[in-house]
Amino acid sequence: MDPHHALALPHPRPGITPDNRFFWDGLRQRELRIQRCAACHRLQHPPAPMCSGCHGFEMESIVASGRGTIHSFVIAEHPAIPPFSYPNLIVLVDLEEGTRLVSRLVDVAPEVVAIGMAVVVDYERIDDELTLHCFRSLETAGG
Amino acid sequence: MAEQSFAGRAAIAGIGQTEFSKRSGRSELRLACEATMSALADAGLEPGDVDGFATFTMDNNPEIELARAIGAGPLRFFSRVHYGGGAACATVMQAALAVAAGVADVVVCYRAMNERSEQRFGIGAIPLAPVATTETAHFGWYAPFGLLTPASWVAMQAQRYLHDSGATTEAFGHVSVACRRHAATNPNAWFYERPITLADHQASRWIVRPLRLLDCCQESDGAVAVIVTSTERARDLRQPPVLVRAAAQGASRDQQMMTSYYRDDIGSLPEMAFVARQLYEQCGVKPHEFQTAVIYDHFTPFVLAQLEAFGFCRPGEAPEFVRDGRIELGGALPINTHGGQLGEAYIHGMNGIAEGVRQVRGTAVNPIRGVEHVLVTAGTGVPTSALVLGRG
Ligand SMILES: [Zn+2]
């Protein structure tokens, strides 16, 4: 069940700043982290240098359960851009904690993906420096 | 209408453009020069009259190079607007503000690009190892997962729009069919004499589902320039003045660049609704008082969302609104009478401003009778802008 694809080709990388480093560090430890304001405990994604709710600058993170539902999705077919394989199912997931993020849906056929589908996180190791999150159908993942 | 408003105090006095092609064979700077000289000649002005420029941050031609090439005098206003095609109408807003404030007298708004033959936007060329900046951090939430192209960014919102409205992709097709019908009778359009049917749209191949090839605008080489000056000065020039009756920019709550995915409702365009409110406040025009509109059409789904944002129909009702030729010539609201970016050319929205001017002047190739007001909008999915153009 190794979700890692044969990604010998260079993979697009995120720009990592002091504001989002915790997220990408977490993935290498197979943790999906969500930024949380230390003062008011508001969650926000994508992360920012400060809390837009209470304006505090002290930010921490929690580890998400990894469960969520599909809010929207696309099936990328053209152009085929290496190193991705096509069709590529890209999903916008509502995490059960209340934030939303973009990821890939793996081991699900294009005809099956649907808004509202329950999904659970998994991880794809790209190389020593980069691990990405991906999602699987909760049903087939046996969660 | 606020007394201090700039609305109505500036006018478009000239428009110019190159041919629209897939390979211009000339430099982008030369295209900018040709469009600018054509616009000046249209207005009856000389390069020496120009004292200001406004363009996109994405344009590759610095104002000073264009000024040097055409022999413009000293410049006292130069301003650029960010966020891709969202800048289009904002260049005219910048110029109108400068003219109304007395900061500049004659401002050239321009966009020149070899987007098809040199720097294509749709191929997903994202730096593999980006320098860490706020903008590369932003694209980092999408690019590593393969969400790499403008079509893919829009498709995410389009999928949800279909889900929430209960519409099918035929709603997108009606937009495509309308634009191609209008391009078919426009000799300047790339798709001149090549209309399509709804069946053609439905049979075209998937790009990023739910978007098909015929939901995506073209890629084009070309340039457009428009000349903005004061309404008083414009009255003494060669063409009847086309007033900038209203101009506004908008970025909404939790705005992102092409990926505003974190709002409760991701199928709508609140930034464009915000622009609409400002326009209506500035000039007092109501939706039913537009005889035609140029609705930014890089991808068909956002044309539907814009029709709702401007109040031409209620939220979720655009799929019904665009049926039965209502947005075509002879319909209640003909849109993109030049063919739009789906049919004429993709010049980042600037060719739509030129069409708005021609409709007010009465010189459009597909003329609408009795035009008083034309709405022109800029790029969607991004911080954006729009104009109301009207008779002087
Ligand atoms: Zn807070």
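Line by line, the protein sequences are chains A and B. Start counting the first sequence at 1; every next residue gets the next number (this note's numbering). Start counting the second sequence at 1001; every next residue gets the next number (this note's numbering). Each residue gets a CB set at the ideal place from its N, CA and C atoms; glycine is no exception. Values in this document were obtained by computation on a predicted structure and should not be read as measured data.
| Asked | Found |
| --- | --- |
| In whole angstroms, what separates the C-alpha of glutamate 1232 of chain B from that of leucine 1045 of chain B? | 15 Å |
| Enumerated in chain order, which unbroken segments of the alpha helix (DSSP H) with a length of 4 residues or greater are wholly contained in the region 1259–1329 of chain B? | 1270–1283, 1301–1309 and 1318–1321 |
| Sorry if obvious, but does the Cβ on alanine 48 of chain A come closer than 6 Å to a heavy atom of ligand 1? | no |
| Can you name, in chain order, every residue of its own chain whose Cβ lies under 7 Å from the Cβ of methionine 1058 of chain B, other than the five neighbours on each side? | Gly1084 |
| Does ligand 1 have a heavy atom nearer than 6 Å to the CB of alanine 39 of chain A? | yes |
| Give the residues of chain A in contact with methionine 1156 of chain B, contact being defined as C-beta atoms less than 8 Å apart. | Ser72, Phe73, Val74, Ile90, Leu92 and Val102 |
| Near histidine 1338 of chain B, what residues of its chain come up, given a Cβ to Cβ distance below 6 Å and the 5 sequence neighbours on each side ignored? | Asn1186, Glu1344 and Glu1355 |
| Which residue's Cα is closest to the Cα of valine 1208 of chain B: A:Asn88, A:Asp122 and A:Leu132? | A:Asn88 |
| Are at least three pairs of beta-carbons, each pair with one atom in the region 1224–1241 of chain B and one in the region 1159–1171 of chain B, less than 8 Å apart? | no |
| Run through chain A and tell me which residues come within less than 7 Å of proline 1130 of chain B, C-beta to C-beta. | Arg13 and Gly15 |
| If you count every other CB in all the chains shown that lies within 10 Å of the CB of valine 29 of chain A, and 16 or more means buried, which is it? | Rather than valine, the amino acid found at residue 29 of chain A in this sequence is glutamine. So glutamine 29 of chain A counts as exposed. |
| With DSSP as the reference, label alanine 1248 of chain B as helix, strand or coil. | strand |
| So, at 7 Å on beta carbons, what are the nonlocal neighbours of cysteine 37 of chain A in its own chain, with the 5 sequence-adjacent residues on each side left out? | Cys51, Gly53, Cys54, Gly56 and Met59 |
| Please list, in chain order, all residues of the same chain as proline 1315 of chain B whose beta carbon is under 7 Å from its beta carbon, the five residues on each side excluded. | Ser1268 and Glu1308 |
| Taking 7 Å as the threshold (beta carbon to beta carbon), is leucine 138 of chain A in contact with chain B? | no |
| For tyrosine 123 of chain A, write down the residues that DSSP places opposite it in a beta bridge. | A:His133 |
| Report the residue from A:Leu130, A:Asp107, A:Val120 and A:Ala80 whose alpha carbon sits nearest the alpha carbon of glycine 26 of chain A. | A:Leu130 |
| Regarding arginine 151 of chain A and ligand 1, is the C-beta to nearest heavy atom distance less than 6 Å? | Since the first residue shown for chain A is 1 and the last is 143, residue 151 of chain A is missing from the structure and cannot be characterised. |
| Go ahead and label threonine 1149 of chain B buried or exposed: buried means 16 or more other beta carbons lie within 10 angstroms of its beta carbon, across all protein chains shown. | buried |
| Beta strand (DSSP E) containing threonine 1384 of chain B: first to last residue? | 1384–1391 |
| Over the uninterrupted beta strand (DSSP E) stretch that includes tryptophan 1206 of chain B, give me the two end residues. | 1206–1209 |
| Apply the 10 Å Cβ neighbour rule to threonine 1134 of chain B and answer buried if 16 or more other Cβ atoms are within range, or exposed otherwise. | exposed |
| State buried or exposed for leucine 101 of chain A, treating a residue as buried only when at least 16 other CB atoms are found within 10 Å of its CB. | buried |
| Can you check DSSP and say which residues form a bridge with glutamate 60 of chain A? | A:Arg36 |
| Under three-state DSSP, which class holds leucine 1375 of chain B? | strand |
| Measure the C-alpha to C-alpha separation of proline 1062 of chain B and alanine 1090 of chain B and round it to an integer number of angstroms. | 17 Å |
| Could you say if the region 1170–1189 of chain B and the region 1136–1145 of chain B meet the contact criterion of at least three C-beta pairs nearer than 8 Å? | no |
| Can you give me the Cβ contacts of serine 1204 of chain B inside the same chain, cut-off strictly under 7 Å, excluding the 5 residues immediately before and after it? | Arg1212, Leu1213 and Leu1214 |
| Beta-carbon separation of proline 1130 of chain B and glycine 15 of chain A under 7 Å? | yes |
| Taking only beta-carbon atoms, is histidine 78 of chain A less than 7 Å away from chain B? | yes |
| Specify the secondary structure class of arginine 1238 of chain B as computed by DSSP and reduced to three states. | coil |
| Listing by chain order, which chain D residues have their CB less than 9 Å from the CB of isoleucine 115 of chain A? | In the structure shown, chain D cannot be found, because the protein chains are A and B. |
| Taking DSSP as the reference, what is the three-state secondary structure of isoleucine 1064 of chain B? | helix |
| Please compile the residues from chain A whose C-beta is within a distance smaller than 9 Å of the C-beta of tyrosine 1261 of chain B. | His71, Ser72, Leu92, Arg100, Leu101 and Val102 |
| Quick one: grab the DSSP three-state call for cysteine 1216 of chain B. | strand |
| Counting only C-beta atoms, is alanine 1100 of chain B closer than 7 Å to chain A at any point? | no |
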